[in-house]
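Read through the structure below, which is laid out as structure tokens, and then see the notes.
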Amino acid sequence: MNNVSTVTGRFLLGLYFFVPGVQKFTASEKLQAYMQSHDIAFALQSLWFAGAVSVIGGFLLMSGRHVKIVAYGFVVYVLLVNFMLHNFWTMGDQTVAHEMQNFVKNLAILAGLLILAGNAPLRRPSLNGWWRSDKSFN
């Protein structure tokens, strides 16, 4: 699972979560307002939690650590985001096309995460060597 295509794809998927995770802290007012417009409870706390998860999980994917569990965690995250924030079927005509595009794009990202998770080794939970790359556990 360490060929150039897999490593590059894993890094790019990690970057896809890492960069917006940082933005959740640097542009939190705008993102919080967007979440509130979708009636998300505890929008600020949810935003900070999502930011922390995105930064940490993105870093773990980019560095090849705990790939299977992180990828499956992001699958759940993407599904939640899609159905809570990109629910195009409830929106007016002006935003349907844009939100449908986001929804479908996220499904493609979800597909990449599933492929990545399906091909990554499963590491047993342990504090021993938690910082080491998954390839050292094969």
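Quick note on the working numbering: the sequence shown kicks off at 323 and runs consecutively.
Even glycine gets a Cβ: it sits at the ideal position worked out from N, Cα and C.
- Query: Quick one: what does DSSP say Leu-432 is sitting in, helix, strand or coil?
  - Reply: Assignment of Leu-432 by DSSP, reduced to helix, strand and coil, places it in the helix class.
- Would you mind reading off the limits of the alpha helix (DSSP H) that contains Ile-362? Judged by DSSP secondary structure, Ile-362 falls outside any alpha helix (DSSP H); it is assigned neither H nor E.
- Given a cut-off of 8 Å, decide if Leu-335 and Leu-353 are closer than it, judged by their beta-carbon atoms. In this structure, Leu-353 keeps its C-beta atom at 8 Å or more from the C-beta atom of Leu-335.
- Own chain partners of Leu-436 with C-beta closer than 7 Å, once the 5 adjacent residues on each side are dropped: If the five residues before and after Leu-436 are omitted, its C-beta is found closer than 7 Å to the C-beta atoms of Val-397, all from its own chain and listed in chain order.
- Are three or more beta carbon pairs between the stretch 355-365 and the stretch 377-394 nearer than 8 Å? Below 8 Å, too few C-beta pairs join the stretch 355-365 and the stretch 377-394 to call them touching: fewer than three.
- Message: In whole angstroms, give me the CA-to-CA distance for Leu-401 and Asn-450.
- Response: Between the C-alpha atoms of Leu-401 and Asn-450 there is a straight-line separation of about 32 Å.
- Leu-383 and Val-375: beta carbons closer than 8 Å? Against a cut-off of 8 Å, the Cβ pair of Val-375 and Leu-383 comes out as no contact.
- Where does the unbroken alpha helix (DSSP H) through Met-413 begin, and where does it stop? For Met-413, there is no enclosing alpha helix (DSSP H), as DSSP marks it with neither H nor E.
- Please confirm whether Arg-387 and Ser-455 have their CB atoms less than 8 Å apart. For Arg-387 and Ser-455, yes; Cβs fall inside 8 Å.
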